[in-house]
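S.K.: Right, I'll just put the structure down here and ask away after.
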Amino acid sequence: MLLVGLLNSIKPFHIRTNSGLVLMRIKRNQSRLSFRHRRRRGGFMSLAVIIGLIAGMLLISWSWLERRITALSPPPDESDLINSALEAFDRGDLDDAIVMAREALVNNPSQINAVILLSRALIYRS
């Protein structure tokens, strides 16, 4: 018994006694019963990459929306009727904007800016 106590203080893995029995000591503090605890954490770099990707997508979508909005405004060489219709739309006077955009379409039906302005004004008025 004294021998077993002495050998346990050394903390071996396998102990062979005089009678041939093998005593095993199980170290439970080192055993991993599941692999869940062995997973690697994401860390700072993966979070930084995800935030960078989201910020890049927002920047690209913002610039795309800005280009779409500025494309809707007529260039300065368009007729004064479309410009005044756009000013009326910006002021919130949708009825005047619709009347002026319709007049611009009667004068020149191929003006795409007048069609866009008329459709926007009609949608906002509805």
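Going by our numbering, the sequence shown opens with residue -6, and the numbers climb by one from there. Idealized CB from N, CA, C, for every residue including glycine. In this text, all values refer to a predicted model and were calculated from it rather than measured experimentally.
1. So, does the stretch 98 to 107 touch the stretch 75 to 85, judging by three or more C-beta pairs under 8 Å?
2. Please state whether DSSP places residue 69 in a helix, a strand or coil.
3. Check the Cβ-Cβ distances between residue 47 and every residue of chain B, and say whether any is below 8 Å.
4. Assuming residue 89 is part of the alpha helix (DSSP H), what are its boundary residues?
5. Tell me whether residue 119 sits in a helix, a strand or coil according to DSSP, three-state version.
M.R.: In this structure, then:
1. Cβ pair count under 8 Å is three or more, so yes.
2. Mapped onto the sequence shown, residue 69 falls at position 76. Below a pLDDT of 50, predicted positions are generally treated as unreliable, and residue 69, at 48, falls in that range; no measurement from the model is reported.
3. Here there is only one protein chain, and chain B is not present.
4. Position 96 of the sequence shown, counted from the first residue, corresponds to residue 89. Residues 87 to 100.
5. For the purposes of this step, residue 119 is taken as residue 126 along the sequence shown, with counting starting at 1. Three-state DSSP puts residue 119 in coil, outside helix and strand.
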